[in-house]
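Position 328 of the first sequence, counting from 1, maps to 328 under the UniProt record's numbering, and the rest follow consecutively.
Note that beta-carbon positions come from the ideal geometry of N, C-alpha and C, so glycine has one too.
Input: a single structure, listed below in structure tokens.
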Amino acid sequence: MYDYQSHLEELDIQAFKTDLIQWFKEVHRNLPWRHDPTPYHVWVSEIMLQQTKVDTVIPYYHRFMEKFPTPEALAKADEQDVLKVWEGLGYYSRARNLQTAVREVVEEYNGKVPDNPKELGKLKGVGPYTKGAILSIAFQEPIPAVDGNVMRVISRILRIEEDIAKAKTRKIFEGIITEIISQHDPSSFNQGLMELGALVCKPKNPVCHECPLQVHCQAYKHDLQQTLPIKSTSKAQKTKRYAVLMIRNDNGEILVQKRPEKGLLANLWQFPMIPLDEMDFKNLIQWFRNEYGLELELDKKVTNIKHVFSHLVWQLEVYSATVKGGHVVSDKGIFLDYGELIKLPFPVSHQKIIQLI
DNA sequence: AAAGCGGGGTC
DNA sequence: GACCCAGCTTT
């Protein structure tokens, strides 16, 4: 393993800080959560930005703040309404954990977001990165906020060849940032590293000729900017096949059901899905009779939908069908008309099916 | 330490 | 297609 410690000792930390912060103040993007960086604003934005690009987050952030402008407003909201605002953003446990944590802040901390690592880090959904981001950006505390950008930028600057996919590698970067972070403006320092990672020191084809830190960069010096950082690859996803049923009753209402409160797409809604690897398609009518006590009449296959998640792939075969009668169906589902149905949060894969109605 | 957890953009 | 994104929780 290459010795990056010598490069850290070699680094002109004062010039590095100055160059980074000055660049950030000159070119930083005008983002909505930067207008008034209260702890609540920073918190919500940082949760939304987890594994999600800035451009994707912006419209969600506006809608979220319009609907839940304060911790108190979010605390007393219905979880289904929070999920509806989050609909399409993904990683829905972020929204549920955020509300859980905000409720704790309102009840235990009088609505004030904790300004110390110990209490902040206990909040649901607030991990090492988010804790550091809130403390540095909202409270100007010199705490590292190490995300993928920071690991990439610092890997290149100091020629670090540790595998950034490994969990323990993050601690190496936290140690380095703790040593070099600006005590005077930790907010601009941390945001500067991330902004640089997003705009200049990109994963592929970094724009080194525009980089304010070029003179400090070991990767540039040795032409390793395309090689670093080192990141091991994850294994391929598995594919699961489902039949998805668009079932209308006599009133033209459609059967939907709420997903379980844990696991994939928790507490979101969907059209009934039958795993085709576990059951033969020809048994579907019988299965539906047992499950719902209704006589299903299949109409036709409407379409196929392939939906890719980070860890698996859904192959959906969408069928239209009808039942006689069928108004209320216990906790396994409910018949709703279009106007009622679109008030509920659906995953994107099933939003595509709603479009077919 | 590894797996589970979304969805969209880029190359 | 593969990669990656202002990561965290659970196992």
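T169 classed as buried or exposed, judged by whether at least 16 other C-beta atoms fall within 10 angstroms: In summary, T169 is buried, with 16 or more beta-carbon neighbours lying within 10 Å of its beta-carbon over all protein chains present.
Contact the segment 277 to 289 vs the segment 253 to 266: 3+ CB pairs below 8 Å: Not touching, per the Cβ criterion.
Beta-bridge pairing of W269 - partner residues as DSSP gives them: Answer by DSSP bridge pairing, in chain order: K258.
Nearest-angstrom Cα separation, counted from L341 out to P117: Their Cα atoms are separated by approximately 42 Å.
Cβ-Cβ distance between K240 and W287 below 7 Å: Cβ atoms of K240 and W287: not closer than 7 Å.
Anticipated Cβ contact below 8 Å, K301 with V318, distance rounded: Contact holds; Cβ gap of about 7 Å.
Cβ pair I181, F173 closer than 7 Å: Contact flag unset, no.
The segment 21 to 36 contacting the segment 45 to 65, beta-carbon criterion three pairs below 8 Å: The segment 21 to 36, when compared against the segment 45 to 65, does touch it at the 8 Å Cβ threshold.
Residue range of the alpha helix (DSSP H) that includes V82: DSSP places V82 in the uninterrupted alpha helix (DSSP H) bounded by 79 to 86.
Residues that DSSP places opposite R170 in a beta bridge: Answer is none; R170 lacks a bridge partner.
Residues near W88 in its chain [Cβ-Cβ closer than 6 Å; skip 5 each side]: The amino acid occupying residue 88 in the given sequence is Gly; Trp does not appear at that position. Excluding residues within five positions, the ones whose Cβ falls inside 6 Å are V348.
Selected residue, minimal CA-CA separation from Q50, among F24, G127, P37, F281: Of the candidates F24, G127, P37, F281, the residue whose Cα lies closest to the Cα of Q50 is G127.
For R152 and P203, believed in contact at Cβ under 8 Å, the rounded distance: Going by Cβ atoms, the distance from P203 to R152 rounds to 7 Å, so yes, they are a contact pair.
Buried or exposed (CB count within 10 angstroms, at least 16 for buried), E46: E46 sits buried, since 16 or more C-beta atoms from the chains shown fall within 10 Å of its C-beta.
Secondary structure of L336, DSSP reduced to three states: Three-state result, L336: strand.
Three-pair Cβ contact test at 8 Å for the segment 159 to 168 versus the segment 67 to 74: Taking 8 Å as the limit for Cβ pairs, the verdict is that the segment 67 to 74 does not touch the segment 159 to 168.
C-beta contact flag for K131 and G121 at 7 Å: With contacts defined as CB atoms closer than 7 Å, K131 and G121 qualify as a contacting pair.
Sequence-distant residues of the same chain with beta carbon closer than 7 Å to A101, five excluded per side: Non-local beta-carbon contacts of A101 in its own chain, meaning distances under 7 Å to residues more than five positions away in sequence, involve L123, K124, G125, V126 in chain order.
Residues of its chain near H350, where Cβ-Cβ distance is below 7 Å and the 5 sequence neighbours each way are ignored: Once the five neighbours on either side are set aside, the close Cβ partners of H350 are Q270, F271.
Cβ separation of I230 and L8, assumed to be a contact under 8 Å, to the nearest whole Å: The pair is not a contact, with the Cβ atoms about 18 Å apart (cut-off 8 Å).
Local Cβ density within 10 Å of residue 378, reported as buried at 16 or more and exposed below that: One cannot answer for residue 378 here, as it falls past the ends of the chain, which runs 1 to 357.
Sequence-distant residues of the same chain with beta carbon closer than 6 Å to S155, five excluded per side: Excluding positions up to five away in sequence, the list reads L228, P229.
Anticipated Cβ contact below 8 Å, L294 with G252, distance rounded: The beta-carbon separation of L294 and G252, rounded to 16 Å, does not stay under the 8 Å limit for a contact.
Beta bridge counterpart(s) of Y242 as assigned by DSSP: For Y242, which the question treats as bridged, DSSP gives the partners P275, L316.
Option in Q218, N304, S310, H209 with minimal Cα separation from I235: The identity of residue 235 in the sequence shown is Lys, whereas the question assumes Ile. Of the candidates Q218, N304, S310, H209, the one whose C-alpha sits nearest the C-alpha of K235 is S310.
Beta-carbon proximity of A95 to W86, cut-off 7 Å: Yes, Cβ-Cβ distance for A95 and W86 is below 7 Å.
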